[in-house]
Amino acid sequence: MIDLPEHIVSAETYNDTEDVAGLILKRIRLLARRRIAWLRKTWTTVTENSNGEFNTHTEIDGYLYDWDIPSLEKDWYEQDKDMQDISYSLQETEKALFDKTASRINLLARIFGLTRLETDILQACLAIGFEPNLGRVFAYLQDHSARGYVTESLVARLFGYGNCILLPAGSPLKKWGLIKETISLQGEPVRLECDPFIKNWILGMDEIDESLINFCEVQQVKQPLLNWPIQKLTEDIKRMLDGLPQNKLRVFVEGAEGSGRKSFAAVICKQFGLPLLAINSDRIPDNRWPQVYMLAQRQAFLSNAAIVWYGENMPEHFWPTNIPSFNLQFVTGESDDSLTTNNSFLDLRVALPPVLFEERLALWQRHVPISVVWPKVEMENMVLRHETTVGQIVSIGKKMTPTIAEAYEALRADSGHRLGTLAQQMPGTFTFDDLVLPDYTRKGIEDFIFEATERVQFWEQPNAMRLFPYGRSLIGLFTGSPGTGKTMAAQVIAGALQLDLFRIDLSNVVSKYIGESSKNIERILARAKNMNVVLLFDEADSLFGKRTDIKDAHDRYANTDTNYLLQAIESYPGIVILSSNKKSNIDSGFTRRLRYVLEFSKPDATQRLLIWKKILGEMTDDNTLTKLEAELVKLSTLMEITGAQIKQAVLSALFMARREKVAINIAHLLAGLEREMAKEGRGLGKQVQQNFTNSI
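Residues 0 to 695 (numbering that gives the first Met the number 0) are what the sequence shown spells out, left to right.
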């Protein structure tokens, strides 16, 4: 275990063997006995001066002539033999109570900087909390049956501070919520009560404050992952805190959801012998944030525990500067998150590295025991292609997922919600056989899929990491006319990799406001970084278009935006496919950095015929396809159309035939094709009309 910095108190200090409650009660009782003796003496004196009768008149006279004078009371305590005995017992009790620096009451006073007056107020409140029957004594001391509680005037006379005391608004008793102030009845003095959590803590109960129970729990220490930077961060924390009691440190732990950020913080705290309180900021209402923050710091000081704050909105919270904070705190977030500035803290940032293949495989076997009987090749492929977090693996283990297919589905379901409205998930079951492409383009897609399969393990090699420190992303630029198969190819790639495909919704990403597009892209890439998905930026020229000549300030900022986008997409470690109708629209400085730039040309006659036959072969029977083949050969030769147009024409034709309750024929296909041509303001053309006169 690392030695604790001097200002972080060891939990062993909390071992309190003294009967704190008993000493506090004894002290208050002795003070009350002495005060009551004085009051009775005073009342006796007043009665004697009023011919032996004590009534309302004599009581009022006593108040008016101020017979209860603090200085006279003090002198009497020193002169009267019985009071001397009580005062001696009181001194011995106070010595036993205050000399034991390890007692919780003294520790609390040191932690929160209580004065002797504030300590006395707290002890009076504690005493009635320990022994409610003292309420009758306090009512007697205040000569009012309805004042059976602690008031400022009671404390003033009981502890010898004079007629009254003044507790400032900034007193630690109020700032830290150690006591509560309530008004019983209008015109009555304010009631002072000890916070129940503080009373229980003084009595030795180590528990989470009831006010925090819905947000806070003790983070368990779990087995650390092999590549966590535990030693380095521990040394950094010790260096920054050791010998500098005024230093307070915030450690931002960066990683994906489920990557073990809280567990990592707990392991670090273990090096210092500190427990860790995990607080979910998403459960804290905005109007309660300052109060909860104070209670969390109070809990940390009294439990001698560090804090880890987590939740999506935590980085946005303002950290109050009027409340002293525990020296060591952690915040979890993702790579695009940053904390609000707070000059009270020194800030450290640590990124959790991804879990390497061998350890991921071991985690699967540990947390999903049934995985050891899954097909070895399929299992290794899944672990290679999915950079799963330990949280995802544990979640699948808890679900008792029986098959590897269901494990795949669970991984997909887990990632499906993370991009929200920023992207559209594109389900698809297309395979390589569905693609009709030139050999060069087809070969490029095959190479892309192979690299996507091998890349995770490849980049774990030390030599590869050293020689290629940047640009580990796998980016493909697919260019070509609409309908030539770019999106289908992306779906085929995702399907072959058994990954989800997300199409970026440009209406939510590209903004007319300077800088907004880059912020939106940053959010997408940060969230997708550890999701194990394929990103498809459709119409990518909207995002990565050519930079313009600088004519005004707007052009300068627009180019800055483009430069940022180019750098962001290049440094993204995942798989990205960019789609554009025209390669010339993409910034040439960006395309030069890409190793996969594939042109999707319009299909030639042979390819068009193959597309017709593939689609019709799936949707009709062999007999129908045989009857149509001669016409399809002519149609493929005469009409220069895309695969998407063929697909849509077949779909329209199928419904036409279905409506007529007949088998699909060339007339239906021509009608469907004519509908597609009309979208572009074109017709079937003279040659088609001449060759299919009887069918039109």
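For each residue, glycine too, the CB sits at the ideal point set by N, CA and C.
* Asked: Going by other Cβ atoms of all chains shown within 10 Å of its Cβ, with 16 needed for buried, is A277 buried or exposed?
  -> buried
* Asked: Using 8 Å as the Cβ pair cut-off and three pairs as the minimum, do the segment 281 to 291 and the segment 246 to 265 touch?
  -> no
* Asked: For L565, which of S579, S578, R592 and K582 has the nearest alpha-carbon?
  -> R592
* Host alpha helix (DSSP H) of T702 (start-end) -> In this structure the chain extends from 0 to 695, so residue 702 is not present and cannot be described.
* Reduced DSSP category for C163 - H, G, I as helix; E, B as strand; rest coil -> coil
* Asked: Going by the beta-carbon positions, is the gap between I492 and I448 smaller than 8 Å?
  -> yes
* Asked: Anyone know if the C-beta pair for V154 and A108 falls short of 8 Å?
  -> no
* To do: Output yes or no for whether 8 Å exceeds the beta carbon distance between E253 and R526.
  => no
* To do: Return helix, strand or coil for H553, following the three-state DSSP convention.
  => For H553, the pLDDT reaches just 45, beneath the cut-off of 50, and the residue's location in the model is therefore unreliable, although a value from the coordinates is still provided. Helix, per DSSP.
* **Burial state of P426 (16 or more Cβ within 10 Å)** => exposed
* Asked: Among H385, D433 and H366, which residue has its Cα nearest to the Cα of T400?
  -> H366
* To do: Decide if L143 is buried, meaning its Cβ has at least 16 other Cβ atoms within 10 Å, or exposed.
  => Residue 143 is actually His in this sequence, not Leu. Classification of H143: exposed, given that the 10 Å Cβ count is below 16.
* Flag this pair as yes or no: are the beta carbons of A539 and L577 separated by less than 8 Å? => yes
* Asked: Around the Cβ of Y469, are there at least 16 other Cβ atoms within 10 angstroms (buried) or fewer (exposed)?
  -> exposed
* Taking the alpha-carbon positions, what's the Y556 to N519 distance? -> Low per-residue confidence applies at Y556: pLDDT is 46, beneath 50, and the placement is therefore not dependable enough to give any value.
* Apply the 10 Å Cβ neighbour rule to Y87 and answer buried if 16 or more other Cβ atoms are within range, or exposed otherwise. => exposed
* To do: State the Cα-Cα distance for the pair Y139 and L30, rounded to the nearest angstrom.
  => 13 Å
* Within the same chain, show all residues whose beta-carbon is closer than 6 Å to that of W308, passing over the 5 residues directly before and after it, in chain order. => I278, S280 and V330
* If you count every other CB in all the chains shown that lies within 10 Å of the CB of M82, and 16 or more means buried, which is it? -> buried
* Asked: By DSSP, does A126 sit in helix, in strand, or in coil?
  -> helix
* Asked: Within this structure, are the beta carbons of L473 and I503 separated by less than 8 Å?
  -> no
* For R502, name the three-state secondary structure that DSSP assigns. => strand
* Pull up the CB-CB distance for G479 and F589, whole angstroms please, since I reckon it's below 8 Å. => G479 to F589, Cβ: 18 Å. No contact.
* Per DSSP, what kind of secondary structure is I645 in: helix, strand or coil? -> helix
* Asked: Can L113 and L121 be called in contact, C-beta distance under 8 Å?
  -> yes
* **Reduced DSSP category for D285 - H, G, I as helix; E, B as strand; rest coil** => helix
* With DSSP as the reference, label E256 as helix, strand or coil. => coil
* To do: For G671, count neighbouring Cβ atoms within 10 angstroms of its own Cβ and tell me buried if that reaches 16, exposed if not.
  => buried
* Report the rounded CA-to-CA distance for R384 versus R359, giving the unit in angstroms. => 11 Å
* Quick one: give me the first and last residue of the beta strand (DSSP E) that D346 is part of. => L345 to A350
* Asked: Is DSSP giving Q689 helix, strand or coil here?
  -> helix
* Below 7 Å CB to CB, which residues in the same chain sit around L418 once its five sequence neighbours on both sides are set aside? => F501, I523, R526 and A527
* Give, in chain order, every unbroken run of the alpha helix (DSSP H) that is at least 4 residues long and sits entirely within the segment 595 to 651. => 604 to 618 and 621 to 637
* Asked: Starting from T590 and walking both ways along the alpha helix (DSSP H), at which residues does that stretch end?
  -> S587 to T590
* Beta carbon proximity, R471 to chain C, threshold 8 Å -> In summary, chain C is missing from the structure at hand, where a single protein chain is found.
* With DSSP as the reference, label L248 as helix, strand or coil. => strand
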